[in-house]
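Colleague: In terms of the working numbering, the numbers along the sequence shown are unbroken and rise by one, the last being 324.
First the structure, then my questions, so here it is.
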Amino acid sequence: MFLETLLATLLSSQAVPAAQAVPAQPVLVAQGAPAGAGKPLVTPPTGATKAPAAQGVNPVTPAPTAKPPAAETGKPAATAPQASAPDAKPVVKTAPPMTPEVKTLVDRMQAFYEKTGDFKAGFRQDYKYKTFKRTQTSEGVVTYKKPGLMRWEYQKPSVRTFVLAGNKVYMYDPPAQSLTVASMDTSQLSASVTFLFGQGKLADEFAITKGACKDCKGTLLVLDPLKVEPRFKQVRLEVDPATAQVLKSTVVDPDGSENAISFLDLKTNVGISADSFKMDVPDDTRVDDFTKQKKQ
């Protein structure tokens with residue numbers, strides 16, 4: 029899923045809702061030394077022209093586009109005109125009230141990220157494939173700056189860089205000597221991602237309860253979506269009760285696979301420059317820009 033994971037990412041899948049979006053500065057593709065690396069936490073929406081699949085898994089994936097109309101059945105048309113049926117609306121559950129302990133922690137966590145202008149942290153990504161019964165581990169550094177600039181530098185097991193800027197995602201693969209640019213509808217991102225950017229309210233989209241976890245370093249919050257969510261089944265956030273920072277985010281995919289990202293040595297409001305999100309690539313890098321309309 030970017031964004032996700034996370035946006036991502038990713039994140040699953042950046043990275044503010046469309047109604048609140050603030051135009052982000054474009055990421056400049058400059059020439060120079062190769063940058064770092066990794067897997068995207070956010071992928072382009074299904075309806076858009078997709079770039080070649082990059083290595084990795086996304087914690088947050090934009091919702092799929094609507095299916096095309098069914099084929100004609102061959103039956104004769106009705107003799108009298110019929111009114112069009114209204115579009116079916118997704119069923120939204122009513123969230124049960126949070127316990128005082130959970131509500132206090134969620135409010136503190138939201139406030140923490142709303143006042144965060146930038147952050148930088150190491151990360152460890154463990155993706156557990158349920159079908160293949162194996163885990164793939166990646167490591168690197170993530171950098172974020174409001175409004176909606178995010179850079180994932182993957183260092184292990186392979187070097188790759190992913191930059192999210194506004195409605196575009198840039199994917200640089202040094203071994204392949206390629207830079208891919210793709211569109212991404214940030215309005216499709218879940219609050220499970222956007223709250224990290226100070227946008228989106230978790231309580232509006234999820235039923236939030238406290239989970240049991242023997243190995244957790246913080247308090248485990250379990251987030252179950254209030255409406256049918258094709259991108260993921262559940263989100264789990266391990267939160268430091270002292271600082272209200274997210275120590276670990278786990279997104280459960282529809283097939284039961286789990287994408288867990290641990291944030292290490294998180295530092296906030298350190299004055300990160302917008303230049304940190306420029307893509308410096310060698311002169312011989314192939315650039316595939318899927319955001320440009322193809323000529324008919």
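A virtual CB, placed ideally from N, CA and C, is assigned to each residue, including glycine.
Owing to the predicted nature of the structure, the values given are computational and were not obtained by experimental measurement.
(1) Is it a yes or a no for the region 220-229 touching the region 240-248, going by three-plus beta-carbon pairs under 8 Å?
(2) With which residues is D252 paired in a DSSP beta bridge?
(3) Beta carbon of R188: closer than 8 Å to some heavy atom of the ligand PLP?
(4) Consult DSSP for R259 and reduce its assignment to one of helix, strand or coil.
(5) Pop quiz: T296 and A288 are said to be a contact at Cβ under 8 Å. What is the actual Cβ separation, rounded to whole angstroms?
(6) How would you call V274, buried or exposed, if buried means at least 16 neighbouring beta carbons within 10 angstroms?
(7) Tell me whether Q205 is buried or exposed, calling it buried when 16 or more other Cβ atoms sit within 10 Å of its Cβ.
(8) Which residues in the same chain as N195 place their Cβ atom closer than 8 Å to its Cβ, once the five residues preceding and following it in sequence are excluded?
(9) Judging by CA-CA distance, which residue of P175, E167, V315, G284 is the nearest neighbour of K184?
(10) Have a look at T122, D252, V280, K238 and flag the residue whose alpha-carbon is nearest the alpha-carbon of L128.
(11) Give the C-beta separation of S285 and L251 to the nearest angstrom, bearing in mind that I take them to be a contact with Cβ-Cβ under 8 Å.
(12) Identify, in the order they occur along the chain, each residue of the same chain with its Cβ nearer than 8 Å to the Cβ of V120, setting aside the five sequence neighbours on each side.
(13) For F140, does the three-state DSSP call read helix, strand or coil?
(14) Quick one: what does DSSP say F305 is sitting in, helix, strand or coil?
(15) Name the DSSP bridge partner or partners of F147?
(16) From G145, V170, A272, pick the residue whose C-alpha is nearest to that of M137; which is it?
(17) Mark T163 as exposed unless 16 or more other C-beta atoms lie within 10 angstroms of its C-beta, in which case mark it buried.
(18) Can you give me the C-alpha to C-alpha distance between G299 and K148, rounded to a whole angstrom?
(19) Rank T313, A235, V187 by C-alpha distance to the C-alpha of K131 and give the top, closest one.
(20) Going by C-alpha distance, which of F305, P282, F151, V134 is nearest L248?
(21) Out of A231, R259, Y141, which one is the CA nearest neighbour of P124?
(22) In whole angstroms, what separates the C-alpha of A301 from that of F140?
(23) Can you tell me whether L177 is helix, strand or coil according to DSSP?
(24) Have a look at R152, K173, D283, L294 and flag the residue whose alpha-carbon is nearest the alpha-carbon of F160.
(25) Alpha carbon to alpha carbon, what distance is there between D312 and D281?
(26) Considering only residues of the same chain and omitting the five flanking positions on each side of Q153, which have a CB-CB separation below 6 Å?
Modeller: Reading off the structure:
(1) no
(2) As a first step, residue 252 is located in the sequence shown; it is residue number 224 there, counting from the start. Answer is A235.
(3) Among the components of this structure there are no ligands whatsoever, and the ligand PLP is therefore not found.
(4) The residue you call residue 259 lines up with position 231 of the sequence shown. R259 carries a coil assignment under DSSP once its states are collapsed to helix, strand and coil.
(5) One-based indexing of the sequence shown puts residue 296 at position 268. One-based indexing of the sequence shown puts residue 288 at position 260. Their Cβ separation, rounded to whole angstroms, is 21 Å, which puts T296 and A288 out of contact at 8 Å.
(6) The residue you call residue 274 lines up with position 246 of the sequence shown. Buried, since its Cβ has 16 or more Cβ neighbours within 10 Å.
(7) In the sequence shown, counting from the first residue as 1, residue 205 sits at position 177. Counting Cβ neighbours within 10 Å, Q205 comes out exposed, since fewer than 16 surround it.
(8) Locating residue 195 in the sequence shown gives position 167, where the first residue counts as 1. So the list reads S211, M212, D213, T214, once near-sequence residues are dropped.
(9) Reading the sequence shown from its first residue, position 156 is the one you call residue 184. Nearest C-alpha to K184: E167.
(10) Position 100 of the sequence shown, counting from 1, holds the residue named residue 128. Per the sequence shown, the amino acid found at residue 128 is Pro instead of Leu. Nearest Cα to P128 within the set T122, D252, V280, K238: K238.
(11) Walking along the sequence shown from the start, residue 285 turns up at place 257. Walking along the sequence shown from the start, residue 251 turns up at place 223. The beta-carbon distance between S285 and L251, rounded to whole angstroms, is 17 Å. This is too long to meet the 8 Å contact definition.
(12) Within the sequence shown, residue 120 is the residue found at index 92, counting from 1. Excluding residues within five positions, the ones whose Cβ falls inside 8 Å are L254, K255.
(13) The residue labelled residue 140 in the question sits at position 112 within the sequence shown. The three-state secondary structure of F140, taken from DSSP, is helix.
(14) Within the sequence shown, numbered from 1, the residue matching residue 305 stands at position 277. Correct three-state label for F305: helix.
(15) The residue given as residue 147 occupies position 119 in the sequence shown. Per DSSP, Y172, T296.
(16) Position 109 of the sequence shown, counting from 1, holds the residue named residue 137. Answer by Cα proximity: A272.
(17) Mapped onto the sequence shown, residue 163 falls at position 135. T163 is exposed by the Cβ-count criterion.
(18) As a first step, residue 299 must be located in the sequence shown, where it is residue number 271. As a first step, residue 148 must be located in the sequence shown, where it is residue number 120. Each residue's Cα considered, the two are about 10 Å apart.
(19) The residue labelled residue 131 in the question sits at position 103 within the sequence shown. Closest option to K131, Cα to Cα, is A235.
(20) As a working note, residue 248 is residue 220 in the sequence shown. The candidate whose alpha carbon is nearest that of L248 is V134.
(21) Indexing the sequence shown from 1 puts residue 124 at position 96. Here the closest residue by C-alpha is A231.
(22) Counting from 1 along the sequence shown, the entry for residue 301 is found at position 273. Counting from 1 along the sequence shown, the entry for residue 140 is found at position 112. The displayed chain sequence assigns Ser, not Ala, to residue 301. Their backbone Cα atoms lie some 21 Å apart in a straight line.
(23) What you label residue 177 is simply residue 149 of the sequence shown in a count that begins at 1. L177: strand per DSSP, three-state reduction.
(24) For the purposes of this step, residue 160 is taken as residue 132 along the sequence shown, with counting starting at 1. When each option's Cα is compared against that of F160, the closest is D283.
(25) Counted from its first residue, the sequence shown places residue 281 at position 253. Counted from its first residue, the sequence shown places residue 312 at position 284. C-alpha separation (whole angstroms): 37 Å.
(26) Locating residue 153 in the sequence shown gives position 125, counting from the first residue. Within the same chain, Q153 has close Cβ partners S166, I289.
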